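As structure tokens, the structure follows; a few thoughts come after it.
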Amino acid sequence: MAATLSVVVPVYGTKRDLPACLESLRTQSLRDAEFLLVDDASPDGAGAVLAEYARRDSRFRVLTHSQNRGLFAARMTGADAATGKYLAFLDSDDFVSVDFYRAAVALAEENDFDLVMGDTVWQRENGDRFVRPVHADCVLEDELRGNAVRDAFFQQAMTCYSFHTIWNKVIRRDLWLRCAPYYAPLAKKHIVMTEDIAFSVVLYFFAQGFGRHRGDGVFYCEHASSSTGAAGNPAKFRKNYADIAQVFAFADEFLHQQGANQARQQLQKARKWYARMWAEQARKAANQPEISRLTAALCPDFSPDEDANLPEIFWFDQPMTPWRDGTERIKRAILGLDGIDCPVISLDVFDTLILRPFRTPIDLFHTLEGKWQRAARRNMTSFAQARIEAESCARAWLPETQADVTMWNIYSAMMQNLGVSDDCVGQMTYNEREAEVHFCRPRKTGVQLFHLAKAAGKRVVLTSDMYLDADTIRRMLEKCGVRGWDGFFLSNEQNALKWNGALYRKLTAQLGVKPDNVLHIGDNAKIDVEAAKKAGLRAMLLLRPADVFMDADCTQMANLGHGCLAGFTTADAMQPLALRCAQGLAANRFFDDGYAPATADSAFAAYPSRLGYYAVGTHLLALAKWLLCRCRADGVKRLVFLARDGALLRQAVELLRTDADAVETDYIPASRRCLLPALMANPTDWAALPVRWTVYTPEKTLKLLSFCTLDAPESELHHQAEAAGFPWQSPFQEKTRWESFLRFFRDKLYDGCRHQAAYSAARAYYEEKLPEGAACFDMGYSGRLQAALCQLTQRAVPVYYVHADGRNSERLSAAYDFPVHCFYPMPPAMSGAFREFLLSSDEAPCVGFERQNARVVPVYAQEGRNEAAHFLSTCVQHHALQFVRDFHDTFAGTGVMQSLDNPGVQLAMSLPFEGALRQLPEADAELLRNIPFEDVVFAGENALDLRTLVRDQSAEAALAAHEMGAADAPSRMIGFIPEQTGLVKRTIGFLLFDRETFRKKLRKRMHRSPK
């Protein structure tokens, strides 16, 4: 009979690590599996280990190569012998988490996935385990269908290898059999390096369903002697390089045969990416002529001198976060692998199997306020407060014979407290039950533990202290996919509680088992662990998501923005219901597994998804609600979002727009470059060019002003500039030199006719796109661009900004008569580059306009963000928009969503974002390393390093706050790195954030220099 899963393990030279690999297979929760061990002529006696496992366990089968054929061929040998419905590969020096294969196969079966990808955990030789957050986020969606599978794979151009490695996947064998004929030519060759790419290109091309399983996966063990470690071994290096070239040639030929031109273009990017990565090793292992030969074979258009070792090449690997083993230990305990083998598994229900989108359970009561007002016919009493007090009274009035309260007890107390009618009480009892069912969501980790215990043949019971009735809880469990339990112990039915052990004692008595034969799992340390252990049960803690989110010893996420309004308002005002609900959503999303990677010195553990979902997402939601409210109040019928700042916000507005919002939206380019003809329309405007002149040279300046420069060969312009005393590629050292060059340009090189033509084209474009009655959205600041738009359209076009810069915007608003409406009434401490990077599209910028067939169309630059910057902004913005979608889908039609019309709530919702801008922990700032921020007009080139900019602005903001008398922010929330800071800033940093070190250094300096 065929197995459900076949796991292929190629073996060569890994005898030392083989037992850990094979033990991880032997102890898998999926018992219906076969393990195909391919001995690829291993020279170290590994065959004896394989034979022993095959002798002890019939699920292990040994296949032997008479001579070494390489990793690719070994995988093919195993796959050819497989009988399972699903197929997986595992390298013999790695091992797999205990429930990965069962959970991945279940996910594939439930959703008809062809491919399921798990996690990758890296293990160093010293035993340390960590994850790479960027790799964990490489797939934006946990479910992909149809061509979206292929597109997602090729668009990332092999930058995140977790996407294309073959050993962290479960593959439907039908898909494999379709792909196998394409692999035949390569199977005849000896391929070891990057063979995953050859497999994955074909698999992803044909796959129609992809799923991402989180919380289980493969432990990738790092070894200096592994196939990827070629440093110091020239022969091995040359073999690896040859393998890579063959793999990419194979992949390119396959895509060529399929006519997949776009995929081939992305593959070419991947080729160049790999050539860059290997260039530095090439220099160590080969001479220059050989480097040229090797790189030409891999990537013909690669230049070792120009393309090698770009800073962003290793960005995807840089951030690392420790992996935590808490959930894996629970799974092993359920399976009885670590000295605990209990025949009965007891699971708590609320916050263990079922989650609600609230930071605290009582937040659900606040969502019922509108229904309370209708049921009670308007009154001054808060339902949440009344409900909390009623439960408190019900517990106080409980007769000694009753252990726990019920809904009837609670609402009877409310009726007695408030004198409300039976009808009102009945209606609100019904409303609360329905709200519980409506808002409940499965806790994926807890539900997986439930199914794991069932699959292991354990008796599974549910144990809960809860006032809700059993029927309502069963409805909630059914909705969350929990069914088929062997017992349900509910406090208000059993008349016993967990906290004093009574419910646990009833459980063991009714099941007829000894207490130590029961393993109880829950989220409350006192009730689910301490009380259970006192009753004689074994117990383990599955941390509650909201508790992890709020615990500063785990993450700083909940602390973001706390200092932004310190001293101005109260803590309660900064934590309105909408933000608490946002925190509940974020906690459930990222800490469903209570032991998901998190560190006390970071907010996001360097996960772009967490930065996007919580920090950017909350601000995006607030901005979108503010815009819709303003447009409704101002009667705006057409809102035009200016590129590139408005792209993401427009999508959020479209998500939230209702029938009450009549505003139509549009999106048009409006960069400083394309508006330069208007920004320089008057001679007096030239002195106010929005540039950092110190980075400009005559050459760069003329490129910037090409729209109004004489149409002459560059050599002629070069000659004239040099003749006038302006070295062509020398930056301007003094402002007087910059101003002198502009005068020279105006007198000698300026072409007024070309300027007028560019101005006319821009005017024609914007007159059409900004008709009478239209308003704009832009990030904001000085108002220069809006003034230029008003000048071009000859209309006062209102504008909505996140914030303005104060004096300049007021001056230009008055001069050009355009109204300015700001989300923030005053400029925040952190502005500019980081804000724009997180919120702006990474599309190519508009550089001007041209006439085509009687129409004016934008002209776009060729440059774009590098691969790292593109991935980071795409990932952050995807998850930010997902937050808006989740919040809307969860709370639409409730008072939670309505509260976002309140400006104070909008501001509070933006505090996590402002906190991330101003107080980004250094561990999270690693995401910004080697990320350039493009501002060609201002900076003259794409050379602004985002991490440096953020650190400098953060230090300046902290210094300004200190000078104003604000309380010091915690040092771990400020990007202050002494060894990377100059003497003056370092001194200020120690003074502000580490005064003990400041005092020590001062004493030491004084000791060296006595009076």
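Quick note on numbering: our numbering labels position 745 of the sequence shown as 1080, and the sequence is numbered without any gaps. Every residue gets a Cβ at the ideal spot worked out from N, C-alpha and C, and that includes glycine. Keep in mind it's a predicted model, so treat the numbers as computed, not measured.
Look at the alpha carbon of Ala631 and the alpha carbon of Ala595, and state the distance between them as a whole number of angstroms.
23 Å
Near Arg396, what residues of its chain come up, given a Cβ to Cβ distance below 6 Å and the 5 sequence neighbours on each side ignored?
Leu371
Arg712 in three-state terms, based on DSSP
coil
Any alpha helix (DSSP H) of 4 or more consecutive residues that is wholly inside the stretch 554–604:
569–593
List the DSSP bridge partners of Arg1157.
For clarity, residue 1157 is Cys in the given sequence; the question names Arg instead. Beta-bridge pairing links Cys1157 to Tyr1136.
Below 7 Å CB to CB, which residues in the same chain sit around Gly816 once its five sequence neighbours on both sides are set aside?
Counting only Cβ-Cβ distances below 7 Å, and skipping sequence neighbours, we find Pro777 and Val782.
Three Cβ pairs or more, each shorter than 8 Å: is that satisfied between the stretch 1095–1106 and the stretch 1066–1082?
no
Return the CA-CA distance between Met1350 and Lys849, expressed in angstroms with no decimal places.
Residue 1350 lies beyond the stretch modelled for the chain, which goes from 336 to 1346, so this question has no answer here.
When the Cα atoms are used, what is the spatial distance from Tyr1347 to Arg1190?
Outside the modelled stretch of the chain, which goes from 336 to 1346, sits residue 1347, for which no answer is possible.
Measuring straight from C-alpha to C-alpha, what distance separates Val755 and Glu726?
One Cα belongs to Val755, the other to Glu726, and the distance between them is close to 16 Å.
Rounded Cβ spacing between Thr362 and Leu672 (contact assumed at less than 8 Å)
6 Å
Given a cut-off of 8 Å, decide if Leu787 and Ile689 are closer than it, judged by their beta-carbon atoms.
no
Output the distance between the C-alpha atoms of Met811 and Pro678, rounded to the nearest integer angstrom.
26 Å
Candidates Arg628, Ser1006, Ala1243 and Ser1050, of which the one nearest Asp1177 by Cα
Ser1006
Provide the residue(s) that pair with Cys1009 in DSSP beta bridges, ordered along the chain.
None; Cys1009 has no bridge partner.
Own chain, CB closer than 8 Å to Glu647, minus 5 neighbours either side, in chain order
Asn1201, Glu1202, Ala1203, Ala1204, Asn1265 and Ile1266
Own chain, CB closer than 7 Å to Tyr517, minus 5 neighbours either side, in chain order:
Val537 and Phe589
Classify Asn923 as buried or exposed, calling it buried when 16 or more other Cβ atoms lie within 10 Å of its own Cβ.
It is buried - the Cβ of Asn923 has at least 16 other Cβ atoms within 10 Å.
Beta-carbon gap between Thr339 and Asp374 smaller than 8 Å
no
Among Ser1289, Gly1167 and Arg1186, which residue has its Cα nearest to the Cα of Phe1268?
Gly1167
Through-space distance from Phe488 to Val1030, alpha-carbon basis
39 Å
Go ahead and pull the three-state DSSP assignment for Ser1234.
helix
Reduced DSSP category for Phe1076 - H, G, I as helix; E, B as strand; rest coil
Helix at Phe1076.
Rounded C-beta distance between Phe585 and Leu521? I'm assuming under 8 Å.
5 Å
Output the distance between the C-alpha atoms of Phe572 and Ser1175, rounded to the nearest integer angstrom.
42 Å
Just tell me which of Ser937, Cys556, Ser638 and Glu445 has its CA closest to the CA of Arg547.
Glu445
Given Pro1247, which residues of its chain have a CB within under 7 Å of its CB, disregarding the five upstream and five downstream residues?
Leu895, Gly896, Tyr949, Ala950 and Thr953
With 16 other CB atoms within 10 Å as the buried threshold, where does Asn859 fall?
buried
By a C-beta neighbour count over all protein chains shown, 10 Å radius and 16 as the cutoff for buried, is Arg1186 buried or exposed?
exposed
Host alpha helix (DSSP H) of Tyr1002 (start-end):
From DSSP, Tyr1002 is part of no alpha helix (DSSP H) but of the beta strand (DSSP E) over Glu999 to Pro1004.
Quick check: the Cα distance between Ser562 and Val1182, rounded to an integer number of angstroms?
Note on Ser562: pLDDT 49, under 50, position unreliable in the model; the coordinate value appears next. Spanning the two alpha carbons is a distance of roughly 47 Å.
Neighbourhood of Val864 by C-beta, 6 Å cutoff - its chain only, sequence neighbours within 5 removed
Ala874 and Leu876
Use the C-beta contact count for Gly836: other C-beta atoms within 10 angstroms, 16 or more gives buried, fewer gives exposed.
buried
Taking 8 Å as the threshold (C-beta atoms), are Ser826 and Ala748 in contact?
no
Going by Cα to Cα distance, which pick from Ala941, Val1134 and Pro1133 is closest to Met655?
Ala941
Under 8 Å by Cβ, that's how I've got Gln1349 and Arg464 pegged, so tell me the actual separation to the nearest angstrom.
Beyond the ends of the chain as shown, which are 336 and 1346, falls residue 1349; an answer cannot be given.
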